[in-house]
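Undergrad:
2 protein chains.
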Amino acid sequence: MAAAKTGKLQGNALIGQSGGPTVVINQSLVGAVLEARLHAQIGKFYGAMHGLQGILSENLIDLSREPAANLERIAQTPSAALGSVRMRPTEDQCGETIRILKKLGVRYFFYIGGNDTAETARIVDRLARKEKYPLTVFHIPKTIDNDLKGSDHTPGYGSAARFVAEAFMGIEMDNRSLPGINIVIVMGRNAGFLTAASSLGRAREDSGPHLVYVPERAFIREKFIEDVRRVMDRWGRCVVAASEGLTDPSGRLVSTLSARRAVDDFGNVQLSGTGKLGDYLSDAIKEGLADAPRVRADTLGYLQRSFAGVVSPTDAREAREVGRRAVQWAVKGHRSTSVAILREPGPRYKVSYGPVDLKIVARYARPMPASFINRAGNNTTKKFLDYARPLVGKLPTVAFLKGYEVK
Amino acid sequence: MAAAKTGKLQGNALIGQSGGPTVVINQSLVGAVLEARLHAQIGKFYGAMHGLQGILSENLIDLSREPAANLERIAQTPSAALGSVRMRPTEDQCGETIRILKKLGVRYFFYIGGNDTAETARIVDRLARKEKYPLTVFHIPKTIDNDLKGSDHTPGYGSAARFVAEAFMGIEMDNRSLPGINIVIVMGRNAGFLTAASSLGRAREDSGPHLVYVPERAFIREKFIEDVRRVMDRWGRCVVAASEGLTDPSGRLVSTLSARRAVDDFGNVQLSGTGKLGDYLSDAIKEGLADAPRVRADTLGYLQRSFAGVVSPTDAREAREVGRRAVQWAVKGHRSTSVAILREPGPRYKVSYGPVDLKIVARYARPMPASFINRAGNNTTKKFLDYARPLVGKLPTVAFLKGYEVK
Chain A
1 MAAAKTGKLQ GNALIGQSGG PTVVINQSLV GAVLEARLHA QIGKFYGAMH
51 GLQGILSENL IDLSREPAAN LERIAQTPSA ALGSVRMRPT EDQCGETIRI
101 LKKLGVRYFF YIGGNDTAET ARIVDRLARK EKYPLTVFHI PKTIDNDLKG
151 SDHTPGYGSA ARFVAEAFMG IEMDNRSLPG INIVIVMGRN AGFLTAASSL
201 GRAREDSGPH LVYVPERAFI REKFIEDVRR VMDRWGRCVV AASEGLTDPS
251 GRLVSTLSAR RAVDDFGNVQ LSGTGKLGDY LSDAIKEGLA DAPRVRADTL
301 GYLQRSFAGV VSPTDAREAR EVGRRAVQWA VKGHRSTSVA ILREPGPRYK
351 VSYGPVDLKI VARYARPMPA SFINRAGNNT TKKFLDYARP LVGKLPTVAF
401 LKGYEVK
Chain B
408 MAAAKTGKLQ GNALIGQSGG PTVVINQSLV GAVLEARLHA QIGKFYGAMH
458 GLQGILSENL IDLSREPAAN LERIAQTPSA ALGSVRMRPT EDQCGETIRI
508 LKKLGVRYFF YIGGNDTAET ARIVDRLARK EKYPLTVFHI PKTIDNDLKG
558 SDHTPGYGSA ARFVAEAFMG IEMDNRSLPG INIVIVMGRN AGFLTAASSL
608 GRAREDSGPH LVYVPERAFI REKFIEDVRR VMDRWGRCVV AASEGLTDPS
658 GRLVSTLSAR RAVDDFGNVQ LSGTGKLGDY LSDAIKEGLA DAPRVRADTL
708 GYLQRSFAGV VSPTDAREAR EVGRRAVQWA VKGHRSTSVA ILREPGPRYK
758 VSYGPVDLKI VARYARPMPA SFINRAGNNT TKKFLDYARP LVGKLPTVAF
808 LKGYEVK
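Quick mapping for you: the protein sequence lines, in order, are chains A and B. Taking our numbering, I'd label the letters of the first sequence as residues 1 to 407. Taking our numbering, I'd label the letters of the second sequence as residues 408 to 814.
(1) Against chain B, does SER338(A) count as a neighbour if the rule is that its beta carbon must be under 7 angstroms from one of theirs?
(2) Mind checking if ARG727(B) is an interface residue toward chain C, Cβ cutoff 7 angstroms exclusive?
(3) Using a Cβ-Cβ distance cut-off of 7 angstroms, determine whether ASP698(B) contacts chain A.
(4) Comparing the CB of ARG99(A) with every heavy atom of the ligand FMN, is any distance shorter than 6 angstroms?
(5) Measuring alpha carbon to alpha carbon, tell me which of GLY393(A), ARG88(A), ALA128(A), LEU178(A) ends up nearest GLY113(A).
(6) Going by other Cβ atoms of all chains shown within 10 Å of its Cβ, with 16 needed for buried, is GLY427(B) buried or exposed?
(7) Could you name the residues of the same chain whose beta carbon sits closer than 7 angstroms to that of ASP764(B), not counting the 5 residues immediately before and after it, in chain order?
(8) Just how far apart, CA to CA, sit ILE767(B) and ARG773(B)?
(9) PRO396(A) versus chain B: which residues are under 9 angstroms apart at the beta carbon?
(10) Assuming LEU82(A) and LEU29(A) form a contact by the criterion Cβ under 8 angstroms, report the distance between their Cβ atoms to the nearest whole angstrom.
(11) Report the residue ranges of all alpha helix (DSSP H) runs contained in full by the segment 482-545 of chain B; include only those spanning at least 4 residues, in chain order.
(12) Compare the C-beta of ASP705(B) against all C-beta atoms of chain A and say whether one is closer than 7 angstroms.
(13) Can you name the residues of chain A whose CB is closer than 8 angstroms to the CB of LYS683(B)?
(14) Is it right to say THR804(B) is buried, meaning 16 or more other beta carbons lie within 10 angstroms of its own, or is it exposed?
(15) Quick test of your reading: GLU538(B) and ILE505(B), contact by CB under 8 angstroms. State the CB separation rounded to the nearest angstrom.
(16) Residues of the segment 60-75 of chain A in Cβ contact with chain B at a cutoff of 7 angstroms, in chain order, please.
(17) Taking VAL331(A) as the reference, give the member of ASN378(A), PHE109(A), LYS382(A) with the closest Cα.
(18) Measure from the C-beta of SER605(B) to each C-beta in chain A and report whether the shortest distance is under 7 angstroms.
(19) At least one CB of chain B closer than 7 angstroms to the CB of ASP116(A): is that the case?
(20) Just to confirm, are ALA388(A) and ALA191(A) a CB contact at a threshold of 7 angstroms?
(21) Please list, in chain order, the chain B residues whose beta carbon lies closer than 8 angstroms to that of ARG176(A).
(22) Taking the CB atoms as reference points, tell me whether GLY323(A) and ILE144(A) lie closer together than 7 angstroms.
(23) For the beta strand (DSSP E) holding PHE452(B), just list the boundary residues, first then last.
(24) Would ASN21(A) count as contacting chain B if we go by Cβ distances under 7 angstroms?
(25) Is the CB-CB distance between ALA241(A) and VAL186(A) below 7 angstroms?
(26) Check this for me: beta carbons of ARG237(A) and PRO179(A), under 7 angstroms apart or not?
(27) Could you please tell me which residues of the segment 152-168 of chain A, in chain order, have their CB closer than 8 angstroms to any CB of chain B?
(28) Is the Cβ-Cβ distance between SER713(B) and GLY170(A) less than 7 angstroms?
(29) Output yes or no for whether 7 angstroms exceeds the beta carbon distance between ALA362(A) and GLU119(A).
(30) Can you list, in chain order, the residues of its chain with a C-beta nearer than 6 angstroms to that of THR117(A)? Leave out the 5 residues immediately preceding and following it.
(31) Considering only C-alpha positions, which residue in the set VAL492(B), ASP690(B), ARG533(B), ILE748(B) is nearest to ILE588(B)?
(32) Which residues of chain A have a Cβ atom closer than 9 angstroms to the Cβ of TYR453(B), listed in chain order?
(33) Using only alpha-carbon positions, find the residue among LYS509(B), GLY418(B), PHE600(B), GLU728(B) that is nearest to ALA570(B).
(34) Ordered along the chain, which non-local residues of its own chain (more than five positions away) have a Cβ less than 7 angstroms from that of LYS451(B)?
(35) Determine the direct distance from the alpha carbon of GLY377(A) to that of THR247(A), and round the result to whole angstroms.
(36) Looking at chain A, is there any beta carbon in it that lies within less than 7 angstroms of the beta carbon of TYR709(B)?
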């Protein structure tokens, strides 16, 4: 940790959660709250209900009085215990936020979330400095998309990736037993990390997903049909993982290309929460492959970020740690930053934590490295598997009958 | 066990798996194969690849030689290890089946599956008797739909119900943190048991799913919109569980009512594997509720029957046991039947196993009892929860902040 120090502050703290929840976001909340109890510099610890919205409406709770045992149960509970919000505040709202923080005697503001949340943290930090109000602002990272710049990976990704890997292990075994074409849509916006996780549970050479389409590569309908045809010729069945964020070569979302849109939409182009992309890809296969067997498409949906009971132990531990580190660094007087998880070189998985500028986290989404995507743009590489395996933890195993010949 | 005896047979055995797989169907397979090793009456134990299709094409393997340790791993593996099939055989194909069983010296035929599988077993049994070929045919029950007549519940249901319950626990916490309207489509064909399982993880009075629609009650669009409006007025958010098999008062599948169908379908009306029903219900709300917040629909899809890592221990144990019982009863000379799980009266969960006529299992699908559905037809009852809780095992728990007031 080499962040510059700004001098230690004595005062209250406030924390909020923002953006799409994850199954470990409460670990970060609890890590911060329990760590603060070890530091006399922090007085009260306030929780804002539904993030910035809760600050602006002064809908706050006193986390200082939450029993530690209940906090430990909260840490194991999926989704944001304080409630979350999707909000890009105006400068005025950020100014109002500072006014309220001042009134509450808050010197430490912790905001858990993704890029947008980091952007809010950055604006609040900048305004506070402009007003010469001594406030330390820490962004605590969270996103299943794994797209925050400056980090090896992001809390929330490991557990979501574990869910996706287990989902595909089951879908693959299902497809093996009743062969056909199964297309499964995975979250991740503009980053392919979560879709790529579909390949983590492959057990054999013929195991699916046989094709993996990530938003880092333009999606070409004809190539897709050809890819499926090739897999069908080889294995007689096909499992496809496709990212919700796929775009065509002109940059349009594939999920909005369907003819259905014009007929039935009510104005909202949703990236997920509809079956449109899956239906579009199914239809492409039914049109393009004359002899296609049963084609179906499933959309994993919110389960990826909320399923109660599938958690990566590594992810849970690290999510707790980024919350703790933010508080440790804040009370030590470090300047406002985000907390990055860095991977140590070497064969054994080991991480360290370091500061990363709010601006970097806020402004740039991180795509998958090219080395994680095969040349044909329809699968993951061993490099990706090596990267992601330690993050999801030990997956369940599947077994196969040896299949002795009948004599 | 009071089944009539038909005299003991000495010979080989053959087993197959049929219909949609489950995460515990291999428990039944392994239960039967390992039990057979204890009985000298059974010689070779053949496995048919992809059920009846494997018999007809003589695509068989020798299960007698499978190592027990590998079989134990198979038992923990989701989906059908022998491969499955969807096939309603003709009388000719059943006749051909008997010819092949004769050739192989098979005196015991075990067929794992749902209603259609029981029907095949029934026809094969009837033809064998007509030809005076001494063959004992056992149907071993399996279905996530829980719709087999003569049983308290069916192997496969408990684990699928557990998955659905955990999925809704997460979706509910997600919806609580980012309020809106979430509609989730659940499998189950004409039976509402699996959709009803969505209510098993409710933790508080305001916990979702707030509305549960099962196929045993006609779905009325206007009533649905009114129901959602009422929940929104009360809780400011709404989680809906809806069965894929919902029909309107005239008996048409709701999933086929969408305008999209005429425009975009390629001939296949699929009950699941498309986002149609979810999109239709979303659109109904967007049209019917002028002030609706963000509406999304997720379709749980194949995960419900295949997810690697979510298994009810009770379900796994009982699935193993029905396989064992079928073999025990067969070698004792009992007549061809299916194996029913019966629940013993009393406060503690306890089951016994009994025979049930193939005809009864084959011919009648079992709907949810009326006592499991509330009077308004939009929720489950305590009776259902009491019925289903022991079947899914202990669910994860969720915790809530006590939320002490800020002074």
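Using N, Cα and C, we set each Cβ at its ideal position, and we do this for glycine too.
TA: Checking against the coordinates, here is how it stands:
(1) Proximity of SER338(A) to chain B, defined by a Cβ-Cβ separation below 7 angstroms, is not satisfied.
(2) Absence of chain C from the displayed structure is noted, the protein chains being A and B.
(3) Not an interface residue.
(4) No copy of the ligand FMN appears in this structure; indeed no ligand is present at all.
(5) Looking at the Cα atoms, ARG88(A) is the closest of the given residues.
(6) Burial call: buried.
(7) Excluding the 5 residues flanking it on each side, ASP764(B) has same chain C-beta neighbours closer than 7 angstroms at THR744, in chain order.
(8) Their backbone Cα atoms lie some 10 angstroms apart in a straight line.
(9) For PRO396(A), the chain B residues whose Cβ falls inside 9 angstroms of its Cβ are GLN483, THR484, PRO485, ALA715, GLY716, in order along the chain.
(10) 7 angstroms between Cβ atoms; contact.
(11) Those alpha helix (DSSP H) runs which fall completely within the segment 482-545 of chain B and span 4+ residues are 498-510, 522-537.
(12) Cβ-Cβ to chain A under 7 angstroms: yes for ASP705(B).
(13) Within chain A, the residues GLY275, ASP279 have their CB atoms less than 8 angstroms from the CB of LYS683(B), given in chain order.
(14) A residue is called buried when at least 16 other Cβ atoms come within 10 angstroms of its Cβ; THR804(B) does not meet this threshold and is exposed.
(15) Their Cβ separation, rounded to whole angstroms, is 6 angstroms, which keeps GLU538(B) and ILE505(B) in contact under 8 angstroms.
(16) Cβ contacts with chain B: LEU60, ILE61, ASP62, ARG65, GLU66, ASN70, ARG73, ILE74.
(17) Considering only alpha carbons, the answer is PHE109(A).
(18) SER605(B) does not count as touching chain A.
(19) No, ASP116(A) lies away from the interface with chain B (no Cβ there is under 7 angstroms from its Cβ).
(20) Taking a C-beta distance under 7 angstroms as the contact criterion, ALA388(A) and ALA191(A) do not qualify as a contact pair.
(21) Simply SER486, GLY490.
(22) Their beta carbons are not under 7 angstroms apart, which means GLY323(A) does not touch ILE144(A) by this criterion.
(23) DSSP places PHE452(B) in the uninterrupted beta strand (DSSP E) bounded by 449-455.
(24) Per the sequence shown, residue 21(A) should be read as Pro rather than Asn. At a cut-off of 7 angstroms, the C-beta of PRO21(A) has a neighbouring C-beta in chain B.
(25) If you check the CB distance, ALA241(A) and VAL186(A) come in under 7 angstroms.
(26) Against a cut-off of 7 angstroms, the Cβ pair of PRO179(A) and ARG237(A) comes out as a contact.
(27) Those residues of the segment 152-168 of chain A that come within reach of chain B (Cβ to Cβ, closer than 8 angstroms) are GLU166, ALA167.
(28) Yes, Cβ-Cβ distance for SER713(B) and GLY170(A) is below 7 angstroms.
(29) Cβ distance < 7 angstroms, so ALA362(A) and GLU119(A) count as in contact.
(30) Excluding residues up to 5 positions away in sequence, SER18, GLY19, TYR111 lie with their Cβ nearer than 6 angstroms to the Cβ of THR117(A) in the same chain.
(31) Checking every option, the nearest Cα to that of ILE588(B) belongs to ASP690(B).
(32) Under the 9 angstroms cutoff, chain A gives VAL406.
(33) A quick correction: the sequence has Phe, not Ala, at residue 570(B). In terms of Cα proximity to PHE570(B), the closest of LYS509(B), GLY418(B), PHE600(B), GLU728(B) is PHE600(B).
(34) Residues of the same chain with a CB within less than 7 angstroms of the CB of LYS451(B), apart from the 5 flanking positions on each side, are ASN419, ASP469, SER471 in chain order.
(35) Their backbone Cα atoms lie some 13 angstroms apart in a straight line.
(36) Under the Cβ criterion of 7 angstroms, TYR709(B) is counted among the residues facing chain A.
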